[in-house]
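These notes are about the structure you will find just below.
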Amino acid sequence: MKINNPEVTLADEARKGVEEEVRSGFLDWLFQFSVTGDDGEHYSIGGSILSLALEKMDIVSFNWTKGSGAVEQLPNSIYKIARFPGMEYEQLLRKPEGTLEIVQEDDKVTVTCGDEYKVECFEDHSWHIMIDSLDGKYKADMYHSPKGYPLWYGREKPSYLTQHSITYGYNWAGNVKGTVWLEGKEVHVEGLGIRERYVAVDSCAAEIGGWEDWGWVSFNEMHSSMYDMRLGMKDFSLYDLENKKHYPEGNMTITHEDWAFLRELDGFIPTVYKIKIEVADGIYEVKAHVCNTTTWGVTHKVPDNPVGTLTYDTVEGTFTDKQGNVRVLTGGRGVMSVRQWHAYPNMLPRELYLDEVEYGEKFDTL
């Protein structure tokens, strides 16, 4: 989405309301990072501060996972099963309304929600994220430093995901560096990731329709974040770090391949993403392979519309300019969150839910 003035200000970081009548106010300061530790492990680290006006509740959420899984072809079946490590650690803390505090100073905005989660937003656009589970199991101290401009949902004017789902805010890909403590083990991490600053009115998942992709894919040379509501809004922000060019407009196509059933999500997920974004100066193309998936939400169970976060291990990319010159992009990383229609269990074969192998005739005649 092209914004007249896409520069992020401290007022944007501190924003906590909308002009429209609030039926279900929703605020968040969220992040999802893909990083490599000095122990050689690939980590996916996420968290958020949420404030839900209708529920009169503030929420802190944080998690981490590591490693890669694989997709298994089921014997005597056309189906594949995704066997991924899943979540290593997760906390969701429901707090009374008013726990969230936003303090705006001349050079920064500080957001806290209890003693567990603190975010400092600086004038240079970096975020300093500090997390402490207070039980000795998990701490994090990380910086997110983006370049260029974010994908704006809406700024001066709102964005409408659906007729009454009104949103302001952005998501922004950037560099990540910091330290995490996992069960007392200190790990220095570095990589890429996305952060989101979001204000919404009546954000209704049921109206999204069929499928939703929200996330980022970035390289050493180019950063991108994207949002694709399959039956509605499609948006992205692509920033060329080497040439300092921002592309907020063009045509985006996301293709899902190699689907597998993920038991934790109660549905199928794509394990290969192909992304094509055509902008004024050329074509950005990505092929990304999913290595791990985690479910998420405020319920800790599979909702009617399952949501999950897919982490990539192998990410390949190119940018082909109008003259046909191809730049091979390096250091690719990415994470994609998805929302889909529920896959009703009674319509699916039992081998998707059980490891027991059945032999003999698979089908009965009428």
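Just so we're aligned, residue 20 is where the sequence shown starts under the working numbering, counting upward by one. Quick reminder that beta carbons are idealized off the backbone N, C-alpha and C, glycines included.
- Residues Val90, Gln92 and Ala279 of the same chain have their beta carbon placed closer than 6 angstroms to that of Lys99, with the five preceding and five following residues left out of the count.
- Residue state for Arg369 is assigned as helix, using DSSP reduced to three classes.
- Under the three-state reduction of DSSP output, Leu29 falls in the helix class.
- With at least 16 other beta carbons inside 10 angstroms of its own, Val334 counts as buried.
- For Phe238, the three-state secondary structure derived from DSSP is coil.
- Secondary structure at Met106: coil, using DSSP grouped into helix, strand and coil.
- In this structure, the CA atom of Thr131 is about 22 angstroms from the CA atom of Gly193.
- Residue pairing of Ile213 in beta bridges, as defined by DSSP: Gln51 and Ala192.
- When C-beta atoms of the region 103-113 are compared with those of the region 139-148, fewer than three pairs fall below 8 angstroms, so the two segments do not count as touching.
- In the displayed model, Asp254 falls within a strand according to three-state DSSP.
- Here the region 241-254 makes no contact with the region 146-153; the two share fewer than three CB pairs at distances below 8 angstroms.
- Counting along the chain, Ala307 sits inside the beta strand (DSSP E) bounded by residues Gly301 to Thr314.
- In the assembly as shown, Arg369 is an exposed residue. Its beta-carbon has fewer than 16 other beta-carbons within 10 Å.
- A Cβ-Cβ distance of about 20 angstroms is found for the pair Thr312 and Val208, leaving them out of contact under the 8 angstroms criterion.
- Under the 10 Å beta carbon count, Gln51 is surrounded by 16 or more other beta carbons and is classified as buried.
- Taken through DSSP and simplified to helix, strand or coil, Glu297 comes out as strand.
- Taking the CA atoms as reference points, Glu202 sits about 48 angstroms from Asp300.
- By the criterion of a C-beta distance shorter than 6 angstroms, Ile273 is surrounded in its chain by Asp232, Asp247 and Ile294, once the five residues flanking it on both sides are discounted.
- Annotation for Tyr62: the continuous beta strand (DSSP E) segment containing it runs His61 to Leu71.
- The residues Pro115 and Glu116, in chain order, have a CB closer than 8 angstroms to that of Lys75 in the same chain once the five nearest residues on each side in sequence are set aside.
- The criterion of a C-beta distance shorter than 8 angstroms is not satisfied by Leu73 and Ser80.
- Annotation for Asp160: Met149, Gly197 and Thr198 place their beta carbon closer than 7 angstroms to its own, counting only its chain and skipping 5 residues before and after.
- For the pair Tyr168 and Tyr258, the CB atoms are nearer than the 8 angstroms cut-off.
- If the five residues before and after Thr349 are omitted, its C-beta is found closer than 8 angstroms to the C-beta atoms of Phe238, Asn239 and Glu240, all from its own chain and listed in chain order.
- Here Tyr172 carries a strand assignment [DSSP, helix/strand/coil].
- Out of Ile97, Tyr189 and Gly59, the CA that lies nearest to the CA of Ile22 is found in Tyr189.
- Taking the Cβ atoms as the reference, Leu46 lies roughly 7 angstroms from Tyr217, within the contact range of under 8 angstroms.
- With contacts defined as CB atoms closer than 8 angstroms, Thr314 and Glu283 qualify as a contacting pair.
- Within the same chain, and ignoring the five residues on either side of Leu29 in sequence, the residues whose Cβ sits closer than 6 angstroms to its Cβ are Val128.
- Judged by DSSP secondary structure, Met271 falls within the beta strand (DSSP E) whose first and last residues are Asn270 to Leu281.
- Each residue's CA atom was taken as its position, placing Thr290 and Ile185 some 31 angstroms apart.
- With respect to the 8 angstroms criterion, Gly251 and Gln359 are not classified as neighbours on the basis of their beta carbons.
- Excluding sequence positions up to five before and after Ser164, its CB lies within less than 6 angstroms of the CB of Ser145, Gly193 and Asn194, all in the same chain and listed in chain order.
- When rounded, the separation of the alpha-carbon atoms in His265 and Val27 is 14 angstroms.
- About 14 angstroms separates the CB atoms of Val354 and Ser67; that is not less than 8 angstroms, and the two are not in contact.
- In this model, Ala33 and Tyr172 are separated by some 16 angstroms (Cα to Cα).
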